[in-house]
Every structure is written in structure tokens, then in C-alpha cells.
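So that you can map any letter, position 42 of the sequence shown is 98 in our numbering, and since no number is skipped, the others follow by simple counting. The beta-carbon is built from N, C-alpha and C at its ideal position, and this holds for glycine as well. These notes concern the structure reproduced below.
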Amino acid sequence: MDRKHFLSSALLAGASISTVKSWAISPNPSDEPLNAGKYRIPPYLKPGDTIGITCPAGFITQEEIAPSVKLMESWGYNIKIGKTVGARDFTYGGTDQERATDLQQMLDDIQVKAIMCARGGYGAVRIIDKIDFKSFTEHPKWIIGFSDITVLHCHLSRNFKIASLHSKMCNSFPADWSLAEPIQIETILSIRQALAGEALKYTSPAHEKNRPGRAEAMIVGGNLSIIETLTGSQSDLDTDGKILFVEDTGEYLYGIDRMFWNLKRTGKLAKLKGLIIGGFKLKPDDPGEEFGRTVVDIVLEKIAEYNYPVCFDFPVGHQRNNFALKCGVNHVFTVDQNGSSLTSIG
């Protein structure tokens, strides 16, 4: 079988190719999934359900979302494209009011069972306080995205205790599947598996600075710089008793250090059950301004007094190996000499 045909078949059938290992374990048969904690999990999707696409942050064109629409339709879902797709106000997917209105309509439409944010960028924080979540809390649905969409994940966690999906978005679906790498296929298929209610397990290779241990708790987190900027706001993330995951991109090392000091000084590192460090794409130090510490150094300094499992280089973040994580859902997190694993149990 030639590679082009194999990759296309794998994508449309929902197959999984192991690169960084991930497995779908078993579907949750309940229409209303249970969670051991206090968070509510939106109903998982069934064939014929509708996924809405909207732009609460940066702009994207109809052409750019076409590959994602085609694939999600092949999974058996209907797609509703919001008015902000194709709209533009400089860097944004429409004006603040247009983006807020489009997101509001998706939240209020009870026929829409999940909302995929088309891309990140910047802009969600500009509209979050314009949104009325009353209908959403009565009819919860999956909100999907990462990066700037961390604003929504944190806001839902803090105010409503409703689970959401941290994952790739429309702009991460390659236009030519025949050129897609296996890891791209696997990470995109993890979105389908998560929305269908399958328990997911991800593993990451051993890292010499990992801290061994086992934890069972809810997972929360996302983009580190977003989490920092939300401190003290109505969207401030509560990390007590939870497994925290963080990732970032385009930051200097001194900026990462400053953000971790923020996590430490605001108590977000003190009562964790576990800490997952995802991908960090860094800006190079300016000549003569070398910071002299790595991300690993920065993290270990801030958590030296705490005792919980920690892993580095987990497959989440602004990178191709960015797997779907169900925020607000219980997970088992294990770190040992063989590496780390994270398994959803809700």
C-alpha cells in the first residue's frame, strides 16, 4: 500500500499510529459522563452531532479551515461555521463585538454539542467578560482549543467547574494528508477519541530530571503566559489538589523564570498533586544577556520544597506532538524510571 493511500485511510478510519505512544482504552457508555470530583463533564459526541467553529481570537479564512471541516465530517459530525470565520479586524477574527456575538451564539445553540476555536493568536481575554454563560451551564458542551484559548479553559474551571478540551485547532490540520507525519495524524485523532468519550493514555520517554511518583487528580492548565496574566482576575486558575500542565512558546528564558515565580508566589505550585511540563519554544537570549539557566533549572528551583511527581518534555504545547487533554477530568499520572504516563479516567 502506498504511503499516501495509507495515511488517508488511517485518518478517515480513525486509526492510531504510535510515535509518542497514545492509546484509546475504552469508551464511556454513559450519555452523562461521571467525574470523581465536582466538575461537570459535557456529554460526549455521537455521530450526527454538530461541532461549531468560531474565532474568539485570531483570524482565519474559510479555505484554511477546509481540511479540518472535511475530516470532522468524515468522523460523522455536522459542522456549523461561525460568522467570524473569514472575518478580520487586523489580527483578530472580527471586532471584539463580532467575536463575542459569534461565540455567544455557539454557546446558546443547544444543537451545537462542541465548539472548536479555529485558531489561537490573541483576543479571547478581550471578550471573556462580554459572554453570558447561563445557557452554557444549563447545556454544557465541549470547548476545544489551546494557546490563547487557555483563557476559556481557565474561566470555565474557575467559575463553572465544567470540563473542556485542550487540543489542536483548525489551523493545525494539514492541507495535504499525504504529507502528514504520523505524529500529526495521531495527535489530531486524539481529538476525535476525546470527543467520543474514550479514555486516553499518553506516555513520554524518561527524562533525567523527572521526579518519580503517582497521582490521581483532575488536570488543569494550558499556556503559561496566559495563566500568569489571569492571576487575580475572575478567570484565575485554581490549582489546589490538581495536576497542573503548562507549555509556552516565543518567550525568553528570563520570562519563563518570571512566570514560574508568579506561580510560586501566588501559591499555584504549593498544593499540586503533580506537575507536567510540556513543550517550550524559546527565543534565543540576546547577546550579552544570557540567562544561564534552562527551563528544567527554572522549574526545579521553584518546586524544590514540594513533593509531587514531575515530568518534562510531555507531548503537549506549540508543537506537532500536541495531544488532546481533557481539562477538569480525573487522570492518573505516573512517573518512574521508564518515563511518564497520563491516563484519563473520566
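Asked                                                                                                         : Found
Extent of the continuous beta strand (DSSP E) to which P261 belongs                                           : E254 to P261
Distance, H195 Cα to D353 Cα                                                                                  : 44 Å
Rounded distance between the beta-carbons of G330 and A8, thought under 8 Å                                   : Limits of the chain in this structure are 57 at one end and 402 at the other, which puts residue 8 out of reach.
Closest residue to P112 among Q167, L300, K102 and K186 (Cα-Cα distance)                                      : K186
Local conformation of V302 per DSSP, three classes                                                            : strand
Cβ contact (3+ pairs, closer than 8 Å) linking the stretch 122-130 and the stretch 141-148                    : no
Own chain residues within Cβ distance below 6 Å of R376, not counting five before or after                    : I239 and Q240
Beta-carbon separation (whole angstroms), S191 vs G384, contact threshold 8 Å                                 : Not quite, the Cβ-Cβ distance comes to about 19 Å (not below 8 Å), so this is no contact.
For A236, the first and last residue of its enclosing beta strand (DSSP E)                                    : Careful: A236 lies outside any beta strand (DSSP E) and carries neither H nor E.
Reduced DSSP secondary structure (H/G/I, E/B, other) of W198                                                  : strand
Spatial distance of K327 from D304 (CA atoms)                                                                 : 22 Å
The stretch 379-394 in contact with the stretch 351-371 per 3-pair CB rule at 8 Å                             : yes
Counted within 10 angstroms of its Cβ, other Cβ atoms place I81 as buried (16 or more) or exposed             : Low confidence applies to I81: its pLDDT is 35, below 50, so where it sits in the model is not reliable enough to give any reading.
Whether Q118 touches G142 by CB criterion (8 Å)                                                               : yes
Residue interval of the beta strand (DSSP E) (run including F443)                                             : Not covered by the structure: residue 443. The range shown for the chain is 57 to 402.
Beta-carbon proximity list for K339, same chain, < 7 Å, skipping 5 on both sides                              : G306, E307 and Y308
At least 3 beta-carbon pairs within less than 8 Å: the stretch 161-178 vs the stretch 194-208                 : yes
Rounded separation between T243 and K224 - CA only                                                            : 8 Å
Outcome for G104 when other beta-carbon atoms lying within 10 angstroms are tallied against a minimum of 16   : exposed
Rounded straight-line distance, which links the Cα of A174 to that of N227                                    : 6 Å
Per-residue burial, L381 [other beta carbons within 10 Å of its own, 16 or more giving buried]                : buried
With 16 other Cβ atoms within 10 Å as the buried cut-off, status of G402                                      : buried
Helix, strand or coil at G311 [DSSP, three-state]                                                             : helix
Residue(s) in a DSSP beta bridge with I241                                                                    : Answer is none; I241 lacks a bridge partner.
For F336: DSSP bridge partner residues                                                                        : D304
Local conformation of S124 per DSSP, three classes                                                            : helix
Residue span of the beta strand (DSSP E) that contains H222, given as start and end                           : S220 to H222
Straight-line gap, V372 to I299 (C-alpha atoms, nearest Å)                                                    : 14 Å
Straight-line gap, G443 to S396 (C-alpha atoms, nearest Å)                                                    : In the structure as shown, the chain begins at 57 and stops at 402. Residue 443 is therefore absent and cannot be evaluated.
Option in Y310, K320 and D313 with minimal Cα separation from T295                                            : K320
Whether I184 touches S281 by CB criterion (8 Å)                                                               : no
Between the CA atoms of F316 and L293 - distance to the nearest angstrom                                      : 14 Å
Per-residue DSSP class, three states only, for G402                                                           : coil
Own chain partners of L398 with C-beta closer than 6 Å, once the 5 adjacent residues on each side are dropped : Y258, H387 and F389
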